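Engineer: Please read through the structure below; I'll follow up with questions.
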């Protein structure tokens, strides 16, 4: 069996054991776009913020997911398949909390964009949770996910929860 066939078998075995790792890449791309949309709404509304680099960090997670997957295959498991989804969950949670504090200051002409960005970020948060559950995360990680969910329900205004 040549290296390509062996690598193909390794990939298949890993996917069978832990679920598809590429969900984080897709969620990160959507998160980057959603973050850019929400941050743009803040900028257009003349709100001072320190969130300019946040969309880029979502896009970097997408690359990092691929690197971690590659090193998992090459080095034999120095990383957990849950490393990136946990980071994605935490980053999305923090961004949602930060963005929700600006809702009252958003100008009328970009409020739809702002809310669309928030709703997309909530979908990214849910995707990260689903990836973690699919990968068989620990009870501690599940407890942390429930904590984040509860905090979001208490933090996000009603207009951003639907």
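Residue numbers (this note's numbering): -17 to 144. Yeah, the Cβ is synthetic: ideal placement off N, Cα and C, and Gly gets one too. What you are looking at is a predicted structure, and each value in this text was computed from that prediction instead of being measured.
For residue 160, tell me which candidate among 84, 111, 102 and 83 has the shortest Cα-Cα distance.
Structural biologist: Nothing in the structure corresponds to residue 160, since the chain is present only between -17 and 144.
Engineer: Write down the C-beta distance between residue 26 and residue 92 rounded to the nearest angstrom, noting that I regard them as a contact closer than 8 Å.
Structural biologist: Walking along the chain shown from the start, residue 26 turns up at place 44. Walking along the chain shown from the start, residue 92 turns up at place 110. Right, the Cβ-Cβ distance comes to about 5 Å (below 8 Å), so this counts as a contact.
Engineer: Quick check on residue 65: does DSSP put it in helix, strand or coil?
Structural biologist: Position 83 of the chain shown, counted from the start, is the residue given in the question as residue 65. Of the three classes helix, strand and coil, the one that applies to residue 65 here is helix, per DSSP.
Engineer: When you compare the CB positions of residue 107 and residue 130, do they come within less than 9 Å of one another, or not?
Structural biologist: As a working note, residue 107 is residue 125 in the chain shown. As a working note, residue 130 is residue 148 in the chain shown. Contact flag set, yes.
Engineer: Suppose the cutoff is 8 Å on Cβ atoms and the five residues either side in sequence are ignored; what does the same chain contact list for residue 19 look like?
Structural biologist: The residue labelled residue 19 in the question sits at position 37 within the chain shown. Within the same chain, residue 19 has close Cβ partners 95, 96, 98, 99 and 102.
Engineer: Given that a residue counts as buried once 16 or more other Cβ atoms are within 10 Å of its Cβ, and exposed if not, what is residue 77?
Structural biologist: Reading the chain shown from its first residue, position 95 is the one you call residue 77. The residue is buried, with at least 16 neighbouring Cβ atoms inside 10 Å.
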